[in-house]
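Single-structure report; data block below.
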Amino acid sequence: MPTLLGMSNLPIPESVEGLNYTGQLLGTQELNVDAALITCPVPFHQWKYKNGGREYRGVRTEKYTYVKDLNGPWLLYDNLNDPYQMNNVVGNEAFKNIQADLEVKLKAILDKQGDQFLPGEEYMKKWNYHWDSNDSIK
Numbered sequence: 805m806p807t808l809l810g811m812s813n814l815p816i817p818e819s820v821e822g823l824n825y826t827g828q829l830l831g832t833q834e835l836n837v838d839a840a841l842i843t844c845p846v847p848f849h850q851w852k853y854k855n856g857g858r859e860y861r862g863v864r865t866e867k868y869t870y871v872k873d874l875n876g877p878w879l880l881y882d883n884l885n886d887p888y889q890m891n892n893v894v895g896n897e898a899f900k901n902i903q904a905d906l907e908v909k910l911k912a913i914l915d916k917q918g919d920q921f922l923p924g925e926e927y928m929k930k931w932n933y934h935w936d937s938n939d940s941i942k
């Protein structure tokens with residue numbers, strides 16, 4: 805949302821989460837981001853809890869995709885050698901240092917955004933969303 809507001813020359817309220825990439829889109833600033841954040845704060849609809857859905861946070865770099873759920877590390881893929889992400893190497897000794905580095909990177913991004921990575925129910929309560937027994941928002 806900050807980028808949409810920035811592109812519209814509108815002020816960005818402090819309560820709005822995210823980053824303003826207006827300068828990068830207009831070519832007046834360089835993009836100095838080496839990882840994209842991947843999130844699922846609340847699983848619902850097609851990937852609801854009953855179907856195995858889970859909250860997760862992750863990072864995707866040019867070389868790797870790393871994702872953790874509330875229980876800890878979940879997925880790690882080598883995007884260059886496994887572009888279809890068929891071989892999950894999380895916990896693999898050969899990727900131990902890479903996994904640790906990506907965990908640090910993910911933590912830094914979450915800390916910067918103030919994301920405490922809470923269970924989905926906490927966000928539903930915080931944002932005053934109501935859901936039914938099918939994990940659908942009412």
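Just remember that our numbering sits 804 ahead of the position in the sequence shown, which is counted from 1.
Glycine included, every Cβ here is placed at the ideal spot set by N, Cα and C.
From the DSSP output, read off the bridge partner residues of residue i.
i, result
"THR865", "Answer is none; THR865 lacks a bridge partner."
"ASP873", "TYR860, GLY876"
"ILE941", "TRP935"
Keeping to the same chain, check which residues put their C-beta closer than 6 angstroms to that of residue i; ignore five residues upstream and five downstream.
i, result
"GLY822", "MET805, PRO806"
"GLU834", "none"
"ALA839", "VAL863, THR865, LYS909"
"TYR881", "THR869, GLN889"
"TYR927", "PRO845, VAL846"
Closer than 8 angstroms by C-beta to residue i: which residues in its own chain qualify, once you throw out the five before and the five after it? Chain order, please.
i, result
"LEU809", "PRO815, ILE816, VAL820, ASN824"
"GLY856", "none"
In three-state DSSP terms, what is residue i?
i, result
"LYS911", "helix"
"TYR888", "coil"
"LEU879", "strand"
"ASP936", "coil"
"LEU906", "helix"
Got a sec, what are the start and stop residues for the alpha helix (DSSP H) residue i sits in?
i, result
"PRO806", "806 to 811"
"LYS929", "924 to 930"
For residue i, decide whether its Cβ has a neighbour in chain B, counting only Cβ atoms nearer than 8 angstroms.
i, result
"ASN891", "Absent here is chain B; the protein component of the structure consists of one chain."
Quick one: is the Cβ of residue i within less than 7 angstroms of any heavy atom of the ligand GTP?
i, result
"VAL820", "With respect to the ligand GTP, the structure shown offers nothing to examine, as it has no ligands at all."
(request) Output the residue ranges of the beta strand (DSSP E) runs that lie fully inside the stretch 817 to 844 and measure 3 residues or longer, sorted by chain position. (result) 840 to 844
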